Each structure stands twice: as structure tokens, then as C-alpha cells.
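Residue numbers (our numbering): 31 to 534.
Note that CB positions come from ideal geometry on N, CA and C, so glycine has one too.
Here the structure is a predicted model, which is why all the values come from computation and not from measurement.
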RNA sequence: GACCCUGUAGUGCAGCGGUUAGCACGUCGCCCUUUCAAGGCGAAGAUCGAGGGUUCGAAUCCCUCCAGGGUUACCA
């Protein structure tokens, strides 16, 4: 009664880094296994020796690890199975289910050209196909090079399968070409190896990109020829660039690479959330998903069929990737348990060489660190912002946004001296808290007959270098009297250098 | 060219014979008693690719066309 074990695989080819489409495919396989139970196999499809590199393999593994998509078996190298692949091909040949194609590259080109001029598609190497077994054997024995091609059954037959996403798919044999199994040098080709390996690894569900939807018919033919039951297939819509073309690093740059998101301060859970939303919907209005919720809600039936676009801009840095991805990252950072965020911020600060040992677990400033992160996170988009816009919280050196200086300080020539005055007032406070600091600032504003906002915005700019950030009095309490007083004290010259340095 | 897939706001998705065609991101505006790329509220934005049918009634079913994508490799 029990159905065969669920075994899925992610099978990238190391002809490039892990791109977002590959990441999404891996994620869906992973979610499928987490939801229904089963084994996730990782297989590296390195049959194209020309284009495969170890570097690419490493970067794919790195991307998967960062995404948190752990596999149960592998990584297997497809190339490790070539002897097996060759054996299977020879069997097919011996059984008359495949044939030797002696056509040279030039022959093939001529055949295709002729087919083209006759307005029909090239389907098979007819001359080779017509060879008797004896002739074929003889020519092979003579050392004539050949490709082994699958012999697609003739007649009115068709392959039919039920795709988990696209529904019933049918293709007539006459529309399927005699695809190659083995190159003249004996190395196996994709459509053939996948089937060999998926059989060998007892894969039960093949979840992959829609670019393989048409290939599936060939593969099913292979399963039948090999006397095997095909797995369940489910194809995912493709992810394209804003110009509707395929995402490519050469054309679209770093946005397409998964590791870019890591390097730009994304949180894995947020990126998983974003990836899941491309081409899939829970059927409800929910879009913010923790990974547990994602697993719970995931289903192949929620996968859509139309190709999607990652909406990024190559000219606007604020939109270097899809805004929704950025938004989800901000939302996850803001909503996740603070304790889960802390280690990521720590790693980011360490990477930027801003880490202070007193902030570590058990350190005497640990609590301060937690508060600072908590204060900062509502308006932060990526982890990079902790060391970027939020740098003034963690270091005495920070960049100054000249637009902020212009807007919040230079708009009133008296402001600089007033801020220095404020510094002095703060210095005199016996108990420096959010409340006392606010009281002092407002009182000074009253005395000067100016709006408190003037001092508020000016202070923020001098203290953090930027015009936006947490409410000022929270910021003051967080940084503490000493730092606030010192930073405000040099308001007179603030902004003359692009970077503020303070020796404390 | 052939075969196949897809076509709902700028983008991602809902809706699957009867809705003022929903949601999210983005955009714009207002509010938060003067920060903001934060939060709250609201608005604009879609003749449901086009044209024909079927039906009392169609985004939803059928046909044709158009557009985009995939496959058509001794790439994967």
C-alpha cells in the first residue's frame, strides 16, 4: 500500500555559478522533501567537460549552503558514471533501440539544410538509420567514428505524461527527433545521462525548470526503452530579466547570482521567501513566510505556469534587485527573533572590521549591542546597512552625507554654535537618559526661540552623519552621554571632511 | 520554419461561469503635533493580449490570430 520512497534531486551543471533560477529550483525540491518527507539528492551534471569547472561546482555548493538548502545525498558527480552510461548505450544499441549515426558534422549540416529547404524539421539521420546491423557493425569495426542515436519509434504513437504543473503533455513520435546518446568519443549526452542517473538513483519526482518540458518526451522514450517506470515530472516556470530575456551573468551582471545576495547583506530566510513567491502562491493573501510556514504551505499545485520576471534596474542602485526581495529582507530582519539576527549582524560587523569584543555573548556591552541592533533594525534593509548607514552606532568613524549637512545644518548659520551649546548642556546632565536629554534639548530650543526640530535634525546629522535613522532621543540614549557630547562638540567644523573621525 | 508552453495593473501572484476583477511590492498623497528609505491611513493604476463564438451572463469554456518563452546541439 505504501508508495515508493520520495527521492528528488537538484542537478545543476557546473557551467556557471548558482543563479536565481537554479536557486529557486533547488528551493522547490527542498520544500517538497521537507513537506512530504523523502531524500534530497544533489548531483552535479558535469558531462560537458569543456565548460564545467571545479570553481563553478564550489560556488554552487556555496550558494546552496548559504541558502540553507541542505541535501541528504551527494554531491554525486555525473561524470563518475560514464562507464555505466556507455554500457547502457551499448545495450540499447544491441537491442536495436538505438543506432550508430555515421553522419559527420558536415553530413548533418547538409541533412538539416535540405530538411529546411523542404520546410520540414530535421528528425533523424536517415542514411545511417537505414543501415543493416551487419553494415553498421562493419563500418564501426573499420574504425569509422559514429554517434549513437536513440531510435525513436515510428508510426502514429506518442508519449504522454502528466506534468505536476503543466498537466497532460503529449507529443507525437513523429515530432521527436533521434537525439544523440553518445558522442563519437564515447562521452554521453544530457538527455541520456539524466535518465540513466535518475533511474540509478531511484528518483521519484523530477522538479526542474520548464526549459526541460520538451525534453521530457525524449526522456520518457528512454525510460520505456529501458523498461523503467518514469518518475513524476513537475516543471517550474522560468525566471527572466526585465527585458524578458533569459537571465545571464554576462548580460545582466551580478543580480543573477545567488551569492550576490549573500554578499549584499540578504538574510537566507528572506531570500527563500522571495524565491518562493516567484512562480508560486499559497492561494491565500499571505506573502510573508517564515521557512516553517513555507514548508507547511508549499504545494506543487500552487505553482503557476507563466514565466516570471525579476524586476531589477541596472541604473538605479536602490533597485539593484527586485524591490520585493529588498522589502521582504527588511521585513524578515524586523520580524525575526532578535537572537537570530544578532549573529548575522555580528558577522557583518566583523567583516567590516567594526566588531568590539565587549559585544560578544557574555561581554559587558552585550546588552548595549542588542539594544542598538533592535533600535536600528526597523529601518534597515540589508545587513550591510548595519556597517553602512548604521556605522555611527558601532564606530567613531563614519561617512558624512553632504546632502544631510546641507539640509539639516547649513540651512541656518547659527545652528553649528547652537549644537555646540547643546553639547555643553548635555555634558552638564548628571543623569543622561532619553527623557532628560529630550528635556534639555527642548529647553534650549525654547530659550533660543527656535523650533526643537532644528536641533533634533541637526543633532542627528552631526551624530550619525545621515539625515535618517531612529528617533533622536532613542539614538542619544543608545550612544550614551560621552559619545553624544563629544560628537556634538565639534559641530562647528562638522562636514568639512567627508568622513567624521573622533578620537576617544 | 516545426513542435510545445504561457499571456490578469510597472513587477510578483489571487480569482477558474455571475465580484464595484482582489492581494503584495513599487508609485503618489495625507497623518505620525518637525528625521526617515520606518509606522498608520488612503489614492491612482487592468477595456483580464486581440478578434470571433458558446451562454441569460465569460478574465473564467471553444476557435482564430498576435505576442513572449522553451525545444528543435556530437550544451545542459
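Residue 266 is bridged by DSSP to 239. For residue 129, the enclosing beta strand (DSSP E) begins and ends at 128-131.
With a threshold of 16 other beta carbon atoms within 10 Å, residue 121 falls short and is exposed. In this chain, the alpha helix (DSSP H) harbouring residue 61 covers 50-66.
Here the alpha carbon of residue 239 sits roughly 32 Å from the alpha carbon of residue 134. With a contact defined as Cβ atoms closer than 8 Å, residue 290 and residue 299 miss out at about 17 Å.
CA-to-CA, the gap between residue 259 and residue 183 works out to about 18 Å. Across the structure, residue 522 and residue 466 are spaced so that their CA atoms are roughly 24 Å apart. With respect to the C-alpha of residue 216, the residue from 111, 93, 456 having the closest C-alpha is 111. The alpha carbon of residue 152 has as its nearest neighbour, out of 320, 158, 142, the alpha carbon of 142. The secondary-structure analysis by DSSP pairs residue 197 across a beta bridge with 193.
If you compare the alpha carbons of 193, 196, 206, 179 with that of residue 187, the shortest gap goes to 206. Here DSSP, grouped into helix, strand and coil, assigns residue 102 to coil. At a Cβ-Cβ threshold of 8 Å, residue 309 and residue 272 do not count as neighbours.
Close CB contacts of residue 201 within its chain, under the 7 Å cut and outside five residues either way in sequence, are with 188, 189, 247 (chain order). Rounded to the nearest angstrom, the Cβ distance from residue 53 to residue 93 is 6 Å, consistent with a contact under 8 Å.
By the neighbour-count criterion, in which a residue is buried when 16 or more other Cβ atoms sit within 10 angstroms of its Cβ, residue 331 is exposed. Check the Cα spacing between residue 49 and each of 481, 269, 232, 243: the tightest is with 269. A direct Cα-to-Cα measurement between residue 378 and residue 76 gives close to 34 Å.
In this structure, the CA atom of residue 509 is about 20 Å from the CA atom of residue 484.
Within the stretch 317-401, the complete alpha helix (DSSP H) runs of at least 4 residues fall at 321-327, 353-365, 368-381.
In this structure residue 473 is exposed. Its beta-carbon is surrounded by fewer than 16 other beta-carbon atoms within 10 angstroms. Around the C-beta of residue 304, 16 or more other C-beta atoms lie within 10 Å, and the residue is accordingly described as buried.
When Cβ pairs closer than 8 Å are counted between the two stretches, the stretch 428-438 is seen to touch the stretch 491-504, the count reaching three or more. A direct Cα-to-Cα measurement between residue 197 and residue 334 gives close to 12 Å. Distance from the CA atom of residue 192 to the CA atom of residue 390, rounded to whole angstroms, is 55 Å.
If you compare the alpha carbons of 131, 345, 288, 369 with that of residue 209, the shortest gap goes to 131. Residue 124 holds the alpha-carbon nearest to the alpha-carbon of residue 163 among 79, 124, 444. Counting only residues of its own chain and dropping the five nearest sequence neighbours on each side, residue 511 has a CB closer than 6 Å to the CB of 462. The stretch 381-399 and the stretch 341-349 do not touch, with fewer than three beta-carbon pairs separated by less than 8 Å.
Taking the C-beta atoms as reference points, residue 222 is found nearer than 8 Å to residue 115. Inclusion of residue 176 and residue 218 in the CB contact set at 8 Å is not warranted, their separation being larger than that value.
The three-state reading of DSSP puts residue 439 in coil, since its state is none of H, G, I, E or B. Following the DSSP letters along the chain, one finds residue 250 in no beta strand (DSSP E) but inside the alpha helix (DSSP H) bounded by residues 245-255.
When secondary structure is reduced to three states using DSSP, residue 84 falls in the helix class. Residue 107 sits in a strand when the DSSP states are folded into three classes.
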